[in-house]
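2 protein chains.
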Amino acid sequence: MGVSARRGTPLTVEEIRATALRLIDAGGVESLSMRKLAAELDVNPMSLYHHVANKTELIKGICLETVVPLLHLPPADGAPWQDQLRALAYAYRRLARTHPALWTYVHNHPDVIELKEGGLWEVLLRILPAAGVPEDKRLGTADVLHGFVWGLLLAESLGHIGGDQAEANFEIAIDLITRGLPEH
Amino acid sequence: MGVSARRGTPLTVEEIRATALRLIDAGGVESLSMRKLAAELDVNPMSLYHHVANKTELIKGICLETVVPLLHLPPADGAPWQDQLRALAYAYRRLARTHPALWTYVHNHPDVIELKEGGLWEVLLRILPAAGVPEDKRLGTADVLHGFVWGLLLAESLGHIGGDQAEANFEIAIDLITRGLPEH
DNA sequence: ACCTGAACACCGTTCAAGT
DNA sequence: ACCTGAACACCGTTCAAGT
Numbered sequence: 001m002g003v004s005a006r007r008g009t010p011l012t013v014e015e016i017r018a019t020a021l022r023l024i025d026a027g028g029v030e031s032l033s034m035r036k037l038a039a040e041l042d043v044n045p046m047s048l049y050h051h052v053a054n055k056t057e058l059i060k061g062i063c064l065e066t067v068v069p070l071l072h073l074p075p076a077d078g079a080p081w082q083d084q085l086r087a088l089a090y091a092y093r094r095l096a097r098t099h100p101a102l103w104t105y106v107h108n109h110p111d112v113i114e115l116k117e118g119g120l121w122e123v124l125l126r127i128l129p130a131a132g133v134p135e136d137k138r139l140g141t142a143d144v145l146h147g148f149v150w151g152l153l154l155a156e157s158l159g160h161i162g163g164d165q166a167e168a169n170f171e172i173a174i175d176l177i178t179r180g181l182p183e184h
Numbered sequence: 001m002g003v004s005a006r007r008g009t010p011l012t013v014e015e016i017r018a019t020a021l022r023l024i025d026a027g028g029v030e031s032l033s034m035r036k037l038a039a040e041l042d043v044n045p046m047s048l049y050h051h052v053a054n055k056t057e058l059i060k061g062i063c064l065e066t067v068v069p070l071l072h073l074p075p076a077d078g079a080p081w082q083d084q085l086r087a088l089a090y091a092y093r094r095l096a097r098t099h100p101a102l103w104t105y106v107h108n109h110p111d112v113i114e115l116k117e118g119g120l121w122e123v124l125l126r127i128l129p130a131a132g133v134p135e136d137k138r139l140g141t142a143d144v145l146h147g148f149v150w151g152l153l154l155a156e157s158l159g160h161i162g163g164d165q166a167e168a169n170f171e172i173a174i175d176l177i178t179r180g181l182p183e184h
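From first to last, the protein sequence lines stand for chains A and B.
Count the first sequence with the numbering used here and you get residues 1 to 184, in order.
Count the second sequence with the numbering used here and you get residues 1 to 184, in order.
Printed below as a string of structure tokens:
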């Protein structure tokens, strides 16, 4: 009854997403096509559209269900703001490096996914008062800090920064931020 | 003798590049196609390949001849390093905002163009010693600073930062960097 | 020298038809 | 319900042929 002639099992969204993510990890989002994905799944290209609205929605789904939950935010445990900021930055870095190709792509296509999600902003805004940032500058500073770390991670992902230096550079970056954050 | 039936003048690389840049400014690099470009120039799509090797080379050419020269680096005039750094950041920002779509694109496609060009890195490495950055950290710090500013400009270009706040945020960013740069 | 038409190997997606 | 083939409107690019 409609199950593919070439496959025993019917398609599922989960299988489609998992395979798509594998292809993205291997060759980047640009190289993922619905037709290649179908071939990889041993299925007619058009079968995919029964489980997924279109390519954009597919990518959105992968992000929301597979990638975003990987961000492990530091708890509000009263630790010094420097430590919490460092923990947040490293959590963000781990996320970016888990699926660099997808991460790079979605962060350059704001239409695909809302950036200010996953609680990252909340944690940032919780930390900034403790760092001595005056209230009227907190939103702006949150934008700036995210832009900073984001840019550095992007540069890493794109290979602008040598793999061996990436670790040391990230430390330099966090030191610079924690030194510069409090206004004297 | 080969001149297009539909046009009086023969094609030139300059005309192709200028028109392509106009289309990119209007709709982004993704929406530029060789066929649309040809239509805009009132010419057969294949005529373009007589003046340009392929699409990537076309974009590379536009960057090298039309965009990169727009970066106005601050002179080594002995001004305080804070002022020079601020001038450099603003020069970079002006460049990014002149052709945001193209700028965003090439900075995410390292294959298209070598990032560390245009003398930006030289100026950075000239400034850092005056800021008290120890020699063994200068290269890393240059990478970090570029990543920072780059990320912020990217966030601006992609609309992640409200247009009215962009100016104020950039000031916050430069203040933070100049405060955090010197090690105590 | 410069331009062009036909063709190739790709895309995403719609729609009507199959089981 | 689930899958599929043919078709449409696009891509970038090659190649042989035109003037």
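For every residue, glycine included, the Cβ atom is placed at its ideal position computed from N, Cα and C.
Annotation: the stretch 107–136 of chain A contains the following complete segments of the alpha helix (DSSP H) (minimum length 4 residues), in chain order: 120–130.
Fewer than three Cβ pairs drawn from the stretch 10–17 of chain B and the stretch 88–102 of chain B lie within less than 8 Å of each other, which leaves the two stretches out of contact.
Under the Cβ criterion (8 Å, minimum of three pairs), the stretch 165–184 of chain A counts as touching the stretch 120–136 of chain A. For Thr178(A), at least one C-beta of chain B is nearer than 9 Å to its own C-beta. Contacts with chain B at 9 Å (Cβ-Cβ) include Thr104(A).
Nearest CB-CB separation between Asn54(B) and chain A: not below the 9 Å threshold. Classified as buried, Asp143(B) has 16 or more neighbouring CB atoms from the shown chains inside 10 Å of its CB. Counting C-beta atoms within 10 angstroms of its own C-beta, His99(B) has 16 or more neighbours from the protein chains shown and is therefore classed as buried. DSSP places Val29(B) in the helix class (H, G or I) of the three-state scheme. The C-beta of Pro110(B) comes closer than 9 Å to at least one C-beta of chain A. Remark: three or more beta-carbon pairs, one from each stretch, lie closer than 8 Å, so the stretch 100–112 of chain A and the stretch 24–31 of chain A are flagged as touching. In this structure, Leu37(B) keeps its C-beta atom at 9 Å or more from the C-beta atom of Thr66(B). The shortest CA-to-CA distance from Arg93(A) to any of Lys60(A), Glu156(A), Gln84(A) and Asn108(A) is the one to Glu156(A). Going by C-alpha positions, Leu23(A) is about 14 Å away from Asp42(A).
For the pair Val112(B) and Ile59(B), the CB atoms are nearer than the 9 Å cut-off.
Taking 9 Å as the CB threshold, Ile113(B) stays off the interface with chain A. Among the residues facing chain A, Glu135(B) is not included, as its CB has no counterpart in that chain under 9 Å away. Under the three-state reduction of DSSP, Val13(A) is assigned to helix. The C-alpha of Ser47(A) lies about 26 Å from the C-alpha of His109(A). For the stretch 56–88 of chain B, the set of positions with a beta-carbon nearer than 9 Å to some beta-carbon of chain A is empty.
Around the C-beta of Gly147(A), 16 or more other C-beta atoms lie within 10 Å, and the residue is accordingly described as buried. At a beta-carbon threshold of 7 Å, none of the residues of chain B lie near Val123(A); the nearest stands roughly 18 Å away.
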